[in-house]
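Visitor:
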Amino acid sequence: MLEVRNLTVRHGYLQALTEVSLKVAPGETLAIIGANGAGKSTLLRSIIGLHQPTAGAIVLDGRDITPLPPHARVREGIALVPEGRRLFPSLSVEENLLVGQTSRRSGPWSVRAIYELFSWMGDRRHERTVHLSGGEQQAVAIGRALMANPTVLLLDELSLGLAPTMVRRIYGVFPELVKKGMAILLVEQDVAQALRIADRFQCLLEGRTTLEGKPADTTTAKIEAAYFGLAGRAGPGSAA
Amino acid sequence: MNWVNAIVQGILLGGLYALFACGLSLLFGVVRVVNLAHGDFAVLAAYLALVVITTTHVPALLTFVIVAPLFALFGYGVQRLIIQKSLEVSPLTTLLVTFGLSVVIQNLLLVAASADSHSFDLGSLISASLRVSPELSIGYVPLMIFVTAVVVLVSLQLFLSRTSIGRAIRASADDQEASSIAGVNTRHVFGIAAAIAFATVALAGLALGSSSSFDPSAGPSRLIFAFEAVIIGGVGSLWGTLVGGIILGVAQAVGAQIDPSGGVLAGHLVFLAVLALRPQGLIRARLAI
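Structure, rendered in structure tokens:
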């Protein structure tokens, strides 16, 4: 269980997140939606440890991991597939995956298991990642994160720059993982895609939660209002 | 035949420059730090070897067994305690800090060991040579230094391309942030890269003390040759470092053949020509394969 408690993060003078809280349980998928600059990526980067919050805490299975650096959080069971994939250009596909096992926990994932998940990858394991298509690079980035055997997987804008069919294929990987108990926290600009896969969602606007709930219980109008701030500064769950 | 001799001696000299340059290249390629105290650390290693020789009576050529590991530990400490801290302030701070280290080392050596110049006592080995032909003979000491440089570069290349720590070093050189979220402790990895760089700088210092004399202020001029070798060969390429060192060595030797006082100048001119015509260096590559 990943818990974020009243997280406040600043970039210099800009307050990127204001008292954001969330919970993701094992086997659950939570989607964070919101416009550009709402603080979605900052939230994920803070959870993995790339930003230090000014207030609040990040708690994993009851343990406060806020003071830990990123690599130690990976060992605790959090992994991030970063925005823009961020593969290592001078390393081969396989080497990119192997870097992901540096702080691995025990678990089912290995290079071979990743090659079974993405069947094309084994044949191209010695290629540099720059020769891969965007979708293939995204698959390597997901594989690299899985190599650490995370219990909580953070996904940052997987759909960016990919064709819709590719986006659907990439997202098709996760239901199986969730069924086995992995918790997924995803950030996505493609709201329809995010709501299709998520059990619950939380909408951010200017660093605050403006709406949360289950996709089935919400109307498009409510989401639009929370997404664009049409209802003014409404409290969680009451924007309409 | 004098020309052949000049070129051969230049190639051997290039080995010494490559040995100096590979630590500089590694630290810049991985940690993105220009270590202005690089030459001074080499001189410090040479003095440390002198201490080891006088206290333990180990033969000069075997001091590397003690000095290189000590310098590796020292490098890890310097990286974690000094360079990393300044790196987190700003990249320019590292320039100031390493420049400061350079001044401190030179003055500490001056206080502790005086301004007298020293060299290692290698006995009869210093003048021993391999006679290839009546006009061409190759000194054992320069040959050993050249072979050491090649062995160091080959091992470094294999280490970076074949081991998991080498892979983590290359990943961190590519993208420090991405490597930290993939689970790499980048500070530790930078410490290891610095440890390796310092071990090679210790070897370079020993090579310096074996092939010529040194004094507390000998570091900065060595740093310039190391910089030139790195830039001629191409930043971040280990083979480029060897090629750059050899080109610089040959340029100096041939220059000295033309005019006895023109050696260093000829090296600088070749360096400037490369900088003007091919600023990315002759060999363009990332760290290892």
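Sequence order for the protein chains is A and B.
If you're matching positions, the first sequence starts at 39 in this note's numbering and goes up one per residue.
If you're matching positions, the second sequence starts at -16 in this note's numbering and goes up one per residue.
Where a beta carbon is used, it is the ideal one built from N, C-alpha and C, also for glycine.
Output the boundary residues of the alpha helix (DSSP H) element that contains phenylalanine 208 of chain B.
Guide: Phenylalanine 208 of chain B -> alpha helix (DSSP H) spans 202 to 216.
Visitor: In the region 80 to 91 of chain A, which residues sit with their C-beta less than 7 Å from some C-beta in chain B, listed in chain order?
Guide: Here the close residues are Ile86 and Leu88.
Visitor: What does the Cβ neighbour count give for arginine 114 of chain B, buried or exposed, with the cut at 16 atoms within 10 Å?
Guide: Exposed.
Visitor: Over what stretch of residues does the alpha helix (DSSP H) that includes arginine 111 of chain A continue unbroken?
Guide: Its alpha helix (DSSP H) spans residues 108 to 114.
Visitor: Using the three-state DSSP reduction, which class does glycine 100 of chain A fall into: helix, strand or coil?
Guide: Glycine 100 of chain A: coil per DSSP, three-state reduction.
Visitor: Going along the chain, which unbroken runs of the alpha helix (DSSP H) with 4 or more residues stay wholly within the region 95 to 147 of chain B?
Guide: With a minimum length of 4 residues, the continuous alpha helix (DSSP H) runs that stay inside the region 95 to 147 of chain B are 123 to 145.
Visitor: Let me confirm a value: isoleucine 241 of chain B is counted as buried when at least 16 other C-beta atoms fall within 10 Å, else exposed. Which label applies?
Guide: That one is exposed.
Visitor: From the DSSP output, read off the bridge partner residues of glutamine 240 of chain A.
Guide: Glutamine 240 of chain A is bridged to A/Ile70 and A/Glu250.
Visitor: To which residues of the same chain is aspartate 237 of chain A closer than 6 Å at the C-beta, ignoring the five residues directly before and after it?
Guide: Closer than 6 Å at the Cβ level, and outside the excluded window around aspartate 237 of chain A, lie Glu66 and Thr67.
Visitor: Between the alpha carbons of alanine 73 of chain A and alanine 183 of chain A, how many angstroms are there, rounded?
Guide: Approximately 26 Å between the Cα atoms of the pair.
Visitor: How many angstroms separate the CA atom of leucine 141 of chain B from the CA atom of leucine -5 of chain B?
Guide: If you take the alpha carbons of leucine 141 of chain B and leucine -5 of chain B, they lie about 23 Å apart.
Visitor: Starting from leucine 136 of chain A, trace the beta strand (DSSP E) both ways and give me its first and last residue.
Guide: From DSSP, leucine 136 of chain A is part of no beta strand (DSSP E) but of the alpha helix (DSSP H) over 131 to 137.
Visitor: Check whether the Cβ atoms of glycine 12 of chain B and leucine 231 of chain B sit closer than 8 Å, and answer yes or no.
Guide: No, these two residues do not count as a Cβ contact at 8 Å.
Visitor: From serine 138 of chain B to alanine 25 of chain B, what does the alpha carbon distance come to, in whole angstroms?
Guide: If I take the Cα positions, the gap works out to 20 Å.
Visitor: Does the distance from the C-beta atom of alanine 249 of chain B to that of glutamine 235 of chain B stay below 8 Å?
Guide: Against a cut-off of 8 Å, the Cβ pair of glutamine 235 of chain B and alanine 249 of chain B comes out as a contact.
Visitor: Please confirm if phenylalanine 156 of chain A has its CB atom under 8 Å from at least one CB of chain B.
Guide: For phenylalanine 156 of chain A, the answer is no, since every Cβ of chain B falls outside 8 Å of its Cβ.
Visitor: Can you check which of these residues, A/Glu57, A/Ile86, A/Arg48 and A/Leu45, is closest to leucine 223 of chain A by C-alpha distance?
Guide: The option with the nearest alpha carbon to leucine 223 of chain A is A/Ile86.
Visitor: Could you tell me which whole alpha helix (DSSP H) segments of length 4 or greater appear in the region 146 to 196 of chain B?
Guide: 147 to 157, 159 to 164 and 169 to 194, all fully within the region 146 to 196 of chain B.
Visitor: By the three-class DSSP mapping on this structure, what secondary structure does isoleucine 36 of chain B have?
Guide: In this structure, isoleucine 36 of chain B counts as helix in the three-state DSSP scheme.
Visitor: Residues of chain B with a CB under 8 Å from the CB of phenylalanine 126 of chain A: which are they?
Guide: Those are Arg153, Ala154, Asp157, Asp158, Ala161 and Ser162, listed as they occur along chain B.
Visitor: From the DSSP output, which residues share a beta bridge with threonine 46 of chain A?
Guide: Answer by DSSP bridge pairing, in chain order: A/Ala93.
Visitor: Can you say whether threonine 131 of chain B is buried or exposed, counting buried as having 16 or more other CB atoms within 10 angstroms of its CB?
Guide: The residue is buried, with at least 16 neighbouring Cβ atoms inside 10 Å.
Visitor: In whole angstroms, what is the alpha-carbon distance linking leucine 31 of chain B and glutamate 133 of chain A?
Guide: When rounded, the distance between both Cα atoms is 39 Å.
Visitor: For the 8 Å Cβ check, are there 3 or more pairs between the region 130 to 148 of chain A and the region 147 to 159 of chain B?
Guide: Taking 8 Å as the limit for Cβ pairs, the verdict is that the region 147 to 159 of chain B does touch the region 130 to 148 of chain A.
Visitor: Take leucine 19 of chain B and list the residues in its own chain whose beta-carbon comes closer than 6 Å to its own, dropping the five residues that flank it on each side.
Guide: The residues are Thr81, Phe82 and Ser85.
Visitor: With 8 Å as the threshold, decide whether the Cβ of serine 141 of chain A is near any Cβ in chain B.
Guide: Yes, because at least one Cβ of chain B sits closer than 8 Å to the Cβ of serine 141 of chain A.
Visitor: Got a sec, what are the start and stop residues for the beta strand (DSSP E) isoleucine 222 of chain A sits in?
Guide: Start and end: 221 to 225.
Visitor: Phenylalanine 197 of chain B and glycine 6 of chain B - do their beta-carbons sit closer together than 8 Å?
Guide: No.
Visitor: Can you tell me which of the three DSSP states valine 13 of chain B falls into?
Guide: Note: valine 13 of chain B maps to helix in three-state DSSP.
Visitor: Name, please, each residue of chain A whose Cβ falls closer than 8 Å to the Cβ of valine 13 of chain B.
Guide: Under the 8 Å cutoff, chain A gives no residues; its nearest Cβ is about 12 Å from valine 13 of chain B.
Visitor: Quick check on the burial criterion: 16 or more other C-beta atoms within 10 angstroms. Buried or exposed for aspartate 157 of chain B?
Guide: Aspartate 157 of chain B comes out buried.
Visitor: Please report the distance separating the alpha-carbon of serine 102 of chain B from that of threonine 38 of chain B.
Guide: Taking the straight line from one Cα to the other gives about 16 Å.
Visitor: Measure the Cβ-Cβ separation of alanine 98 of chain B and proline 199 of chain B and say whether it is below 8 Å.
Guide: Going by C-beta atoms, alanine 98 of chain B is nearer than 8 Å to proline 199 of chain B.
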